[in-house]
Every structure is written in C-alpha cells, then in structure tokens.
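Residue numbers (the numbering used here): 6 to 168.
Positions of the beta carbon are idealized from the N, C-alpha and C atoms, including for glycine.
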C-alpha cells in the first residue's frame, strides 16, 4: 500500500480519535492509538518506540481514569451510588435521543434523577452530585483530549521530519 494513503489513514484515525474523546459513540483514544501504531509499523517512519510506549500507557490511564474520576468527584460532592447508576443509565438513554449532546444531557439528568430517587427531599444534594459529575466529565475528557492531540501532533511532526 502507498505510504501516502497510509499516512492519510493514520491522520484520519488520529483526528476521529480526538473527536471520540468527547463523543461517546466513538472509541476515542483507542482509534488514536491505532492510528499511531499503523503509522509506526505500516510505514517506514522512524518514530522512536518511546512514543508508542508512552502513549499506550497514557491511553490505558485514560481508560481507567474515565471511570475513576467521575466516581470520585461525584462522591466528593456528596453523590451516592444512585447518582452513579443514574449517570450510566442516563448516558445510554441520551445516546438515543435525537438531540445534540443527548449523551451529556442524559448523563446529568441521570445523576440528578438517581439522587432524587435516593433522597427526594434533598434537591441541593442532587444538584451538588450533578456538579460533581460535570467536573469529573471535564477532567476525564480534558485528559483524553490532551493525549489525543499530543498523539496527532507527534505523528504530524514526525511526518515532516521535525521530530
């Protein structure tokens, strides 16, 4: 296969991977790491293996943190297991809603509804838990986004022999 076609495929995978860091219907950094691996092993690129190892570890860390961070921030802001379950259910339901950012709206609504089902008298606690879910989402998404952009830039810079 032509190197130019492989390079274009890699850049597309890396770009779609970046989009996937905040769109849950796409596998995010998994697409990006595939683009990086195809670039390294599918072309004659002289990309050092340290980048492959570093980005593999960061991708694994991102997958783990995407579950840990929201749970920790939810708990930090007074959330319960009900809010966490509501978050998962809301995200799944939101994916199928024909509205922009339905997954995100569904996640926050799920947290709020879950907390209200747990304790219907404490709306402030439900709002605080929802705030925690938002902060956790921003942290997790931000970390994944930065890793995805870094992968894209490393490949792009290597293509132009800058690194």
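If you draw a straight line from the Cα of residue 121 to the Cα of residue 25, it is about 31 Å long. Using a Cβ distance threshold of 8 Å, residue 21 and residue 100 do not count as a contacting pair. Restricted to the region 103-130, the alpha helix (DSSP H) segments that are unbroken, complete and at least 4 residues in length are 107-123, listed in chain order.
Distance from residue 89 to residue 148 at the Cβ level is roughly 20 Å; contact not present, criterion being Cβ atoms closer than 8 Å. Residue 70: member of the alpha helix (DSSP H) spanning 54-81, first to last residue. Under the DSSP assignment, residue 30 falls outside any alpha helix (DSSP H); it carries neither an H nor an E label.
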